[in-house]
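**Q** Have a look at the structure that comes next, please.
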Amino acid sequence: MRKWIVRILAVLVVLAAAGIGYYQAILKNDVAAYRRRAVPALMYHSISRPAPGWPREMCVSPESFEAQMRWLKEQGYRAVTVPEARAALLAGGDVSHLVLLTFDDGYKDNYTVAFPILKKYGFRGNFYVIGKHIGKSYVEAGLKEYMDKPMLLEMHQAGMELGSHSMSHDPLAKIAPHYLPWEIYEPLNIFSRRDGGLHWFIHGIAFPNGSYNDAVLAEVRKYPKLEYGFSGIMGANTKETFERTPFELRRNGIYEQGNPTDEVAFVLRKAYVVGYLDSQGFPVRTLQAILDHLKEWRSRLSFRLG
Ligand SMILES: [Zn+2]
Numbered sequence: 015m016r017k018w019i020v021r022i023l024a025v026l027v028v029l030a031a032a033g034i035g036y037y038q039a040i041l042k043n044d045v046a047a048y049r050r051r052a053v054p055a056l057m058y059h060s061i062s063r064p065a066p067g068w069p070r071e072m073c074v075s076p077e078s079f080e081a082q083m084r085w086l087k088e089q090g091y092r093a094v095t096v097p098e099a100r101a102a103l104l105a106g107g108d109v110s111h112l113v114l115l116t117f118d119d120g121y122k123d124n125y126t127v128a129f130p131i132l133k134k135y136g137f138r139g140n141f142y143v144i145g146k147h148i149g150k151s152y153v154e155a156g157l158k159e160y161m162d163k164p165m166l167l168e169m170h171q172a173g174m175e176l177g178s179h180s181m182s183h184d185p186l187a188k189i190a191p192h193y194l195p196w197e198i199y200e201p202l203n204i205f206s207r208r209d210g211g212l213h214w215f216i217h218g219i220a221f222p223n224g225s226y227n228d229a230v231l232a233e234v235r236k237y238p239k240l241e242y243g244f245s246g247i248m249g250a251n252t253k254e255t256f257e258r259t260p261f262e263l264r265r266n267g268i269y270e271q272g273n274p275t276d277e278v279a280f281v282l283r284k285a286y287v288v289g290y291l292d293s294q295g296f297p298v299r300t301l302q303a304i305l306d307h308l309k310e311w312r313s314r315l316s317f318r319l320g
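Numbering (the working numbering), first residue to last: 15 to 320.
Okay, here's the thing in structure tokens:
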């Protein structure tokens, strides 16, 4: 009798293992197929070692950043601008080798450190700048220095994408509605040039803290010069993302933790898997909202304890 139970259990274990293997193979194939039509975006802030008092998650060290760029190059990735990614997606080819590198806030080290490294690897970056901080420096929990206009223009002329990160960096979903036009339109005026007519050269916005709502979306849609926007939703971007929700592009934060190339490999894998699940109707936003709340609770708790 016991022999039979052992045999039945063994058969069940083998069936379960086969089931998991089958499921994994299917998911792996599906994610690989999804990757051919999706472009992930990585989100950086400052490329520096964190100064005392700075939040750690804002900084990736120059060494880690260079190691990540070298790894991306070795993997056959090409870092492009958002308009280039959109054109490639709309053309419908295989985009599995494309990646978007995005930088928020406009720190001076983006120009002094990241820009030369990007040029070295033939990569393009996408830089989202806080309007009222251009060319400024502040001493506030350490020194914060921001890029000035000549630096930004030089990067633009070298093929980098410049975009807006609002004027004030206040979360747009929380500010008074009558400030929205200033937050959203004024950066376009900063990045304009009079050479035989007014020439605007920014087309994108990254919402500060990924914060937006219907009123913000309605405001950005009023202005045809703005063509795309980054949300804080994780995942990757497909033709459908650009066509249906161009102001809710997906992004994934890169942080200084553990081995830098493992980190970038992990974040890319996560972007493809989450993007695939998103494309299948899986409630990624709900899941992310829960995770964000957990993170907030954890930080509040550690603040109280600490
Ligand atoms: Zn920011």
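Glycine included, C-beta positions come from ideal geometry on N, C-alpha and C.
All of these numbers come straight from a predicted model, not from anything done at the bench.
Does the beta-carbon of His147, which I'm using as the reference point, lie nearer than 7 Å to any heavy atom of ligand 1?
**A** Checking every heavy atom of ligand 1 against the Cβ of His147, none is found closer than 7 Å.
**Q** Return the chain-ordered ranges of every beta strand (DSSP E) run that is complete within the stretch 123 to 195 and spans a minimum of 3 residues.
**A** 139 to 143, 151 to 153, 157 to 159 and 175 to 178
**Q** Here's the rule: buried if 16 or more other CB atoms are within 10 angstroms of the residue's CB, otherwise exposed. What is Arg283?
**A** In summary, Arg283 is exposed, with fewer than 16 beta-carbon neighbours lying within 10 Å of its beta-carbon over all protein chains present.
**Q** Please report how far the alpha carbon of Val109 lies from the alpha carbon of Asp276, in whole angstroms.
**A** 22 Å
**Q** By the 10 Å Cβ neighbour count, where 16 or more other Cβ atoms means buried, how is Ala52 classified, buried or exposed?
**A** buried
**Q** Report all residues from its chain with a CB closer than 6 Å to the CB of Phe244; omit the five preceding and five following residues, and keep chain order.
**A** Same-chain partners within the cutoff: Ala220, Leu263 and Arg265.
**Q** Could you work out which residue in Ala39, Asp123, Asp306 and Gly173 is closest to Cys73 when comparing CA atoms only?
**A** Asp123
**Q** Ordered along the chain, which non-local residues of its own chain (more than five positions away) have a Cβ less than 6 Å from that of Pro260?
**A** So the qualifying residues of the chain are Tyr242.
**Q** Who pairs with Pro97 in a beta bridge, going by DSSP?
**A** Answer by DSSP bridge pairing: none, since Pro97 is not bridged.
**Q** By how many angstroms is the C-alpha of Lys188 removed from the C-alpha of His179?
**A** 15 Å
**Q** Using a Cβ-based criterion (distance less than 7 Å to any ligand heavy atom), does Asp306 qualify as near ligand 1?
**A** no
**Q** CB-CB under 7 Å to Ala32, same chain, minus the five flanking residues each way: which ones, in chain order?
**A** none
**Q** Between which residues of its own chain and Lys158 is the CB-CB distance below 6 Å, once the five residues before and five after are set aside?
**A** Cβ neighbours of Lys158 beyond the five flanking positions: Tyr152.
**Q** Between the Cα of Ser78 and the Cα atoms of Asp119, Glu310 and Val278, which residue gives the shortest distance?
**A** Val278
**Q** What is the DSSP secondary structure of Gln294, reduced to helix, strand or coil?
**A** coil
**Q** Hey, would you say Phe215 sits closer than 8 Å to His147, going by beta carbons?
**A** Contact check for Phe215 against His147 fails: the beta carbons are separated by 8 Å or more.
**Q** Would you mind sorting Ile61 into buried or exposed? The rule is 16 or more other CB atoms within 10 Å of its CB.
**A** buried
**Q** With contact counted as at least three CB pairs below 8 Å, one residue from each stretch, are the stretch 193 to 206 and the stretch 130 to 147 in contact?
**A** yes
**Q** Please report the residue range of the beta strand (DSSP E) in which Phe117 lies.
**A** Leu112 to Asp119
**Q** Quick check: is any heavy atom of ligand 1 less than 7 Å from the C-beta of His111?
**A** no
**Q** Grab me the residues of Glu233's own chain with a C-beta within less than 6 Å of its C-beta, minus the 5 sequence neighbours each way, in chain order.
**A** Leu194 and Ile198
**Q** If contact is defined by three or more beta carbon pairs under 8 Å, each pair taking one atom from either stretch, is the stretch 18 to 34 in contact with the stretch 78 to 98?
**A** No, because fewer than three Cβ pairs between the stretch 78 to 98 and the stretch 18 to 34 fall closer than 8 Å, the two stretches do not touch.
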